[in-house]
Each structure stands twice: as C-alpha cells, then as structure tokens.
Amino acid sequence: MATVPSDWSERSKELSVLLARSGLGDRQAFARLYERSSAHLFAVVLRINRDRAQAEDVLQEVYVNVWRAAKSFDAAQSQPLTWLTSIARNRAIDSLRRRQAEPQTQPANLNDDEDRNVYDDVPDDNAPTPLEMLGRASDARALARCMDGLTPPQRQSVALAFYDGLSHAEVAEHMREPLGTVKSWVRRALLALKACLDGAVARERSAGSP
Amino acid sequence: MDYSRPALADRLGAEYVAGTLRGPARRRFEALLAAHPALRASVRDWQDRLMPLSASLAPVAPPPRVWQRIETRIGFRPAAAPRWWAQLAVWRALAGVATAATLALALVVATPPPAQAPIVVVLSATTAPAGGVTPASFVASISADGRAMVTRPLTEVSVQPDRALELWAVPPSGAPRSLGLISASGATVVRQGKVLKDTAALAVSLEPPTGSPTGLPTGPVLYVGKLSS
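Quick note, the sequences are listed as chains B and X, same order. Start counting the first sequence at 35; every next residue gets the next number (this note's numbering). Start counting the second sequence at 73; every next residue gets the next number (this note's numbering).
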C-alpha cells in the first residue's frame, strides 16, 4: 500500500538516527538504512527511468553517494527521507540525459508515435497514472488541500514533471499542448502550491502558539 | 544574473526540484548552488514542499544484487574471490622454489671446485603435507668422485619424534639402496662410497627411528631428486 505523507515525518525520524550513525561509519546502521529506504527510492528512480538495469545502477550510485555524504547530512536542515529522495531524484533525472533528445529543437519528435508511446496514457505495467498518485499523496495534510486548489491541467502537468521526470517539452508532448502553455501551467501550479503550503504552515504555527 | 534575487532564486529552485530544469541549465544550476546560499535555501524549501509527493509511490524492492554491489563499492566486502595468481600460497610456493634454486646455485658457486665440481641434487617434496612432515626440499651435494655426500634441508623439516628420514639411491631399474638416515634439521655427511654408481635419483622416505627394517623404503617417499648425467 502506498505511504501517505503523514508517515513522512515518522519514517524520517527513524532514518535520521540511522543516517547519523552511517555518517560515523556504522556499517550496520547503513545496512539498516538501505533496508528501510531502498524500496521507496527504487520506486522513485524506476518511475523516472523505467529501464530496470539503469534504475538499479542509479540506485547503487545513490547509496554509494549517501554513504559518502552521510557525514554532511544535517538533521536540523532537512528531513532524511526528503534528503534521500532528492538525491535519488537528481540521479534518476541525470540518468535520462541520453534519452532527452532535446525535443524542443526537434519538432519531428512531436509526430513520432513511437516516441510518444513511452509516455502513453495506457500504462504498460499497470502503474498508477501521475494523477492517481497525486490523489493518493493528497490523502493527508495540507498537500491535499493545496493540490485541490490547482486547476486540472496544472495538476496534471506538475504530476507528469514530478513523478515521471518529464521535461517541459515532454509534458507538452504528452498533453498535446503548446510548450509555452505547459510552462506557464507548471509555473503557476508551483507558485500556487507554494503560497498554499506556506500559508498552511503559517496557520499551523499561529494555531500552535497561545 | 543576480541569483540572490528572491523571485529568481525561487523560480529556479522550483524548476530544479520539480525536475523541469533540464540539460545544460540543470548542470549550470547545480554548479551555482555551491556559491549561492539563496539558491540552496530555495532548493531546500522546495524539496520540503514537493518530496512528500513521492510518498504515494508504491515501494519496489530492489533485487539483492544491488546491495551486494553497493557493499563492494564502499568496501564492505571483497570484490571477488582472488584469482589463483593472487593467492598468497602460490607466491609462497614460488618463493620457496626460487629460494631452493638460489641456494642450490649458491652451493655450486660458493664451493671452490676441487679437481672436479661436485654434483648438486635438489630433492623436492613429492606431495602436500603428509605423515606430520611439512613440505620442504633437501639439497644433496656429492663429491665428483661420488665418495662423499652432504645432505642439507633447505627449510626446517619437522618430523614426528618416532619417525626418521632415510636417504635412498634409486637405480634406473631395480630396488633402491639405503644410504642411511639423514638429519631433518641440519647437514648430514653420507659416506657410503660409490653413491653415483648406478644411481638415477635420490629419494628420502619416512621410516621408523632406526631406519627401514626391510632394507627397502616402507614409509612414504617425501622428496625426490634426479641426478642429471
């Protein structure tokens, strides 16, 4: 079953200790960290880079990196799961570099059905669509309300970019909309999310204080 | 560009974290991060905002080989079983052989030639450790006239207290002749006369402390060395 964001902080707390120990060279802690987080990070990577062999390589790189960088992790600055997921996402996006054929400079790609099939509306492996996942992720907390505040095209464009690692051009191709339109959807969606989430945090804080 | 401008930092951070900042622009941005605290702060904020979205992904357990490779990469486990040429034992054995060869040569070189050069025979271990004896080699140097011979172990040989080493002259055909017991730890002078006559090889066998009761080797043959004619 998918994890909902309310678990995010809980899981992070546990990982925080393991990450701190890993930073001190504790191999058992690092093994446990892998045990507790690898299935999540693999899902993140695999969603962006669907080539399984490449995804495995990426995951390997991610944890080698984590082991080396664990010392520099600052629990006061960021949550472990956020930190780990960010590393995994960045590596996964980097691994797409070769696949990204700069579609905006190759308009022919827009008519290339073979290329489009990769991001077809019908998922090849019964994976939930980005929109469905957005719905699941929105099950909890402020993120849900803020996602609801977006227009459907805004929501879809953000979901495609975030979950599938699509570039603006690829999102445009997928949604069959002009690049400029998609860019502004994504931009506005992110701004709206920010305003909404930051507002929620502010409300939480003022509600928490006497 | 002024990357400390909040609006710009915010926009770039958002695109970077959302994943829409791509290609060379992404790499440029990553290079800028180190020098611009405003960009780092923006990225951190956006990561906090957006990363929980990934919580809705159903976990996918990676295959065990991924962890094995990680362990190898960060040195938790040796890369693989060492190849035969990387095994210490192989080099030890080679070193032993080289030492034996060196000593044999040293004997040849260092011994001043009398009328004729002595004959040197290196006896090599025939098998892996057996009968409580560690493998080693003997050198037998024989005077040119074959009247005298000195045997010497190249490395220390440990023999059980109730066993002794016996030296044999092995003819090309027929039964070996005993040349007597030899010391496992030091030099033994063998005076049997006519050592070289009708002898193709020298052998050392493991025998009872008083030597072979039958006149023929009874224990395992531990070392053998051929006489080159």
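Note that beta-carbon positions come from the ideal geometry of N, C-alpha and C, so glycine has one too. Since the model is a prediction, treat every value here as computed from it, not as a measurement.
Under the rule that 16 or more other beta-carbon atoms within 10 Å means buried, what is residue i, buried or exposed?
{"i": "residue 163 of chain X", "result": "exposed"}
{"i": "residue 73 of chain X", "result": "exposed"}
{"i": "residue 275 of chain X", "result": "buried"}
{"i": "residue 189 of chain B", "result": "buried"}
{"i": "residue 174 of chain X", "result": "exposed"}
{"i": "residue 136 of chain B", "result": "For residue 136 of chain B, the predicted model reports a pLDDT of 41, less than 50, meaning its position is unreliable and no value from the coordinates is stated."}
{"i": "residue 237 of chain X", "result": "buried"}
{"i": "residue 52 of chain B", "result": "buried"}
{"i": "residue 220 of chain B", "result": "buried"}
{"i": "residue 92 of chain X", "result": "buried"}
{"i": "residue 228 of chain X", "result": "exposed"}
{"i": "residue 92 of chain B", "result": "buried"}
{"i": "residue 113 of chain B", "result": "buried"}
{"i": "residue 227 of chain B", "result": "buried"}
{"i": "residue 139 of chain B", "result": "Low confidence applies here, because residue 139 of chain B scores a pLDDT of 38, under 50, leaving its location unreliable and the question unanswered by this model."}
{"i": "residue 297 of chain X", "result": "buried"}
Keeping to the same chain, check which residues put their C-beta closer than 7 angstroms to that of residue i; ignore five residues upstream and five downstream.
{"i": "residue 194 of chain B", "result": "164, 200, 205 and 208"}
{"i": "residue 68 of chain B", "result": "97"}
{"i": "residue 274 of chain B", "result": "Residue 274 of chain B falls outside the range modelled here, since chain B spans only 35 to 244, and no answer is possible."}
Do we get a CB-CB distance below 8 angstroms when we pair residue i with the residues of chain X?
{"i": "residue 188 of chain B", "result": "no"}
{"i": "residue 178 of chain B", "result": "no"}
{"i": "residue 81 of chain B", "result": "yes"}
{"i": "residue 228 of chain B", "result": "yes"}
{"i": "residue 123 of chain B", "result": "yes"}
{"i": "residue 196 of chain B", "result": "yes"}
{"i": "residue 61 of chain B", "result": "yes"}
{"i": "residue 208 of chain B", "result": "no"}
{"i": "residue 93 of chain B", "result": "yes"}
{"i": "residue 101 of chain B", "result": "yes"}
{"i": "residue 185 of chain B", "result": "no"}
{"i": "residue 129 of chain B", "result": "no"}
{"i": "residue 157 of chain B", "result": "Unreliable positioning characterises residue 157 of chain B in this predicted model, as indicated by a pLDDT of 38, which lies under 50. The coordinate reading is nonetheless provided below. Judged by the 8 angstroms Cβ criterion, residue 157 of chain B is not in contact with chain X."}
{"i": "residue 116 of chain B", "result": "yes"}
{"i": "residue 224 of chain B", "result": "yes"}
{"i": "residue 220 of chain B", "result": "yes"}
{"i": "residue 51 of chain B", "result": "no"}
Might you give, ordered along the chain, the residues of its own chain that have their beta carbon closer than 8 angstroms to the beta carbon of residue i, omitting 5 neighbours on each side?
{"i": "residue 134 of chain X", "result": "none"}
{"i": "residue 127 of chain B", "result": "82 and 199"}
{"i": "residue 130 of chain B", "result": "82, 83 and 199"}
{"i": "residue 115 of chain B", "result": "42, 45, 46, 49, 71 and 74"}
{"i": "residue 156 of chain B", "result": "With a pLDDT of 35 at residue 156 of chain B, under the threshold of 50, the predicted position of this residue should be treated as unreliable, though the coordinate-derived value follows. Nothing meets the Cβ criterion."}
{"i": "residue 108 of chain X", "result": "75, 76 and 81"}
For residue i, which residues in chain X fall below 9 angstroms Cβ to Cβ?
{"i": "residue 74 of chain B", "result": "126, 127, 129, 131 and 132"}
{"i": "residue 88 of chain B", "result": "Neighbours of residue 88 of chain B on chain X: none; closest Cβ ~12 angstroms, over 9 angstroms."}
{"i": "residue 199 of chain B", "result": "91"}
For residue i, would you say it is in contact with chain B, using Cβ-to-Cβ distances shorter than 8 angstroms as the test?
{"i": "residue 100 of chain X", "result": "no"}
{"i": "residue 234 of chain X", "result": "no"}
{"i": "residue 163 of chain X", "result": "no"}
{"i": "residue 116 of chain X", "result": "yes"}
{"i": "residue 86 of chain X", "result": "yes"}
{"i": "residue 293 of chain X", "result": "no"}
{"i": "residue 94 of chain X", "result": "yes"}
{"i": "residue 138 of chain X", "result": "yes"}
Identify the continuous beta strand (DSSP E) that holds residue i and give its terminal residues.
{"i": "residue 279 of chain X", "result": "273-279"}
{"i": "residue 238 of chain X", "result": "236-242"}
{"i": "residue 129 of chain X", "result": "Looking at the DSSP string, residue 129 of chain X is not in any beta strand (DSSP E), and its letter there is neither H nor E."}
{"i": "residue 107 of chain B", "result": "First-last for residue 107 of chain B: undefined, no H or E at that position."}
{"i": "residue 252 of chain X", "result": "249-254"}
{"i": "residue 221 of chain X", "result": "221-225"}
{"i": "residue 210 of chain X", "result": "210-214"}
{"i": "residue 262 of chain X", "result": "260-262"}
Taking residue i as part of the alpha helix (DSSP H), name the residues at either end of that continuous run.
{"i": "residue 102 of chain B", "result": "86-103"}
{"i": "residue 196 of chain X", "result": "Here residue 196 of chain X belongs to no alpha helix (DSSP H); instead the beta strand (DSSP E) covers 191-197."}
{"i": "residue 194 of chain B", "result": "186-198"}
{"i": "residue 141 of chain X", "result": "136-145"}
{"i": "residue 297 of chain X", "result": "Counting along the chain, residue 297 of chain X falls outside any alpha helix (DSSP H), though it belongs to the beta strand (DSSP E) covering 293-298."}
{"i": "residue 114 of chain X", "result": "109-122"}
Check the Cβ of residue i against every Cβ in chain B and list those closer than 9 angstroms, keeping chain order.
{"i": "residue 229 of chain X", "result": "What residue 229 of chain X touches in chain B: nothing, since even the nearest Cβ is about 45 angstroms away."}
Indicate, with yes or no, if the ligand NAP has a heavy atom lying under 7 angstroms from the CB of residue i.
{"i": "residue 99 of chain X", "result": "No copy of the ligand NAP appears in this structure; indeed no ligand is present at all."}
Counting only Cβ pairs nearer than 7 angstroms, list the residues of chain X close to residue i.
{"i": "residue 119 of chain B", "result": "123 and 126"}
{"i": "residue 77 of chain B", "result": "129, 130, 131 and 132"}
{"i": "residue 231 of chain B", "result": "121"}
Within a Cβ cutoff of 6 angstroms, which residues of the same chain sit near residue i, ignoring the five residues on either side of it in sequence?
{"i": "residue 254 of chain X", "result": "223, 237, 239 and 260"}
{"i": "residue 264 of chain X", "result": "251"}
{"i": "residue 85 of chain X", "result": "114, 115 and 118"}
Please list, in chain order, the chain B residues whose beta carbon lies closer than 7 angstroms to that of residue i.
{"i": "residue 141 of chain X", "result": "94"}
{"i": "residue 146 of chain X", "result": "98 and 101"}
Along chain X, which residues have their Cβ under 8 angstroms away from the Cβ of residue i?
{"i": "residue 112 of chain B", "result": "116, 119 and 120"}
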